[in-house]
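Data block below; observations after.
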DNA sequence: AATGAAAAGCTTACAAA
DNA sequence: TTTGTAAGCTTTTCATT
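Chains as they are written, first to last, in full-length UniProt numbering: chain A, 1 to 152; chain B, 1 to 152.
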């Protein structure tokens, strides 16, 4: 964990929102010289606070209209089941999030697919690669909020 | 929805992974001149396929070590309940995803907080703003996969 | 912390396929 | 209509004060 001052937080807030801003514009937004910004950004990259810069795509424009959460329960708690499961899910590009959870649901998967048929392919593919005893899927009807911005 | 050729897909794949690449490097990766890349990127922005460029931060480095999914059931299905709920969750920066779902769980919230006490603050804040009959939280023990990259 | 200069990269215009 | 080349201009990077 890293300690940030107010200016760092403002810089990160701006960059989280829009990474295309020039140092000039960014400097004005946070009340610092363009070079002051540049040095702080370098430091934040060095500290690992900034992980990278990516472009965000519109899933619907790409034909990925269906977002699904898969709730998984397993009775195989052996270490190499998890290894196998991790490897399989990491290798499937439709799967954009995989989490080991507390509570009675063991794993949660988040995926983006074109439609129901596409989901079924994903499901079949997954259960063929890893033995899973219990899967239930819930589909997203409406995306009320979805952001990559973290609170600062 | 937009139709893309193979080169578009390769460009988007690269930019999703790393948006800091120069047009020079990108051009080499996709076998196109730096200007060919530039023009295609502009077109993809114009078509809305590219939504923006953002910097990704490390939540743990920021002290946001706890990731939580809140499963919400409500018996208030009036339209202005949803309006109120949407407004409240959109206004809370710890909440990074809110989805209206199929099945017996009505809404799913994804949030990032520092710790349990911080989660409780979020929870108290939310239920004070919107009447919610049934919330159950499940915490992320391990993030097996987490990406902003969509399948192309 | 600020300045300025060198390097790198982006954008435009135009020519060619 | 799409691609490549070259030139001008902006932005980043870094050394110096």
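Backbone N, C-alpha and C define an ideal beta-carbon position, used for all residues, glycine too. None of these values were measured; they are calculated from a predicted model.
Reference residue i, options the options, closest by Cα
i: residue 98 of chain B; options: A:144, A:62, A:46 and A:39; result: A:144
i: residue 77 of chain A; options: A:40, A:107 and A:57; result: A:107
i: residue 41 of chain B; options: A:48, A:42 and A:56; result: A:56
i: residue 49 of chain A; options: A:80, A:4, A:83 and A:92; result: A:4
i: residue 31 of chain A; options: A:52, A:51 and A:9; result: A:9
i: residue 124 of chain B; options: B:92, B:103 and B:29; result: B:92
i: residue 84 of chain B; options: B:35, B:39 and B:127; result: B:127
i: residue 142 of chain A; options: B:142, B:117, B:152 and B:102; result: B:102
Contacting residues, own chain, Cβ-Cβ under 6 Å from residue i (five flanking each side not counted)
i: residue 70 of chain A; result: 109, 135 and 137
i: residue 66 of chain A; result: 113 and 115
Interface residues of chain A facing residue i [CB-CB closer than 7 Å]
i: residue 58 of chain B; result: 48, 49 and 51
i: residue 74 of chain B; result: Ordered by position in chain A, no residue passes the 7 Å Cβ test against residue 74 of chain B, which lies about 13 Å from the chain.
i: residue 63 of chain B; result: 1
i: residue 98 of chain B; result: 144 and 145
i: residue 141 of chain B; result: 100, 101 and 102
Under 8 Å between C-beta atoms of residue i and residue j
i: residue 44 of chain B; j: residue 23 of chain B; result: no
i: residue 37 of chain B; j: residue 46 of chain B; result: no
i: residue 54 of chain B; j: residue 18 of chain A; result: yes
i: residue 16 of chain B; j: residue 150 of chain B; result: yes
i: residue 72 of chain A; j: residue 7 of chain A; result: no
i: residue 2 of chain B; j: residue 129 of chain A; result: no
i: residue 81 of chain A; j: residue 89 of chain A; result: no
i: residue 148 of chain B; j: residue 148 of chain A; result: yes
Proximal residues of chain B, C-beta to C-beta of residue i below 9 Å
i: residue 16 of chain A; result: 54, 55, 56 and 57
i: residue 112 of chain A; result: 150 and 151
i: residue 23 of chain A; result: The contacting residues do not exist; residue 23 of chain A stays about 13 Å from chain B at best.
i: residue 78 of chain A; result: In chain order: nothing, as chain B lies at least about 16 Å away.
Sequence-distant residues of its chain with Cβ nearer than 7 Å to residue i (five each side left out)
i: residue 94 of chain A; result: 111, 112, 113 and 122
i: residue 14 of chain A; result: 21, 26, 29 and 30
i: residue 120 of chain A; result: none
i: residue 152 of chain A; result: 9, 12 and 13
Contact set between residue i and chain A, taken where Cβ atoms lie within less than 8 Å
i: residue 95 of chain B; result: 145
i: residue 86 of chain B; result: 144 and 145
i: residue 121 of chain B; result: Correct list: empty, because the minimum Cβ distance to chain A is about 12 Å.
i: residue 12 of chain B; result: 55 and 57
Residues near residue i by beta carbon distance below 8 Å, same chain, minus five either side
i: residue 63 of chain A; result: 114
i: residue 33 of chain B; result: 27
i: residue 20 of chain B; result: none
i: residue 140 of chain A; result: 66, 67, 68 and 69
i: residue 86 of chain A; result: 98
i: residue 100 of chain B; result: 82, 106 and 107
i: residue 118 of chain A; result: 66 and 94
i: residue 96 of chain B; result: 110, 111 and 112
i: residue 154 of chain A; result: This structure does not reach residue 154 of chain A, given that chain A is present from 1 up to 152, and the question cannot be answered.
i: residue 79 of chain B; result: none
Where residue i meets chain B, residues with beta-carbon distance less than 8 Å
i: residue 138 of chain A; result: 101, 102, 103, 105 and 108
i: residue 117 of chain A; result: Within chain B, no residue comes near residue 117 of chain A; the closest Cβ sits about 15 Å away, beyond 8 Å.
Under 9 Å from the C-beta of residue i: neighbouring residues of chain A
i: residue 130 of chain B; result: Going along chain A, no residue has its Cβ under 9 Å from residue 130 of chain B, so there is no contact; the nearest lies around 12 Å.
Next item on the list: For the region 27 to 42 of chain B, enumerate the residues whose C-beta is nearer than 8 Å to any C-beta of chain A, in chain order.
Entry: none
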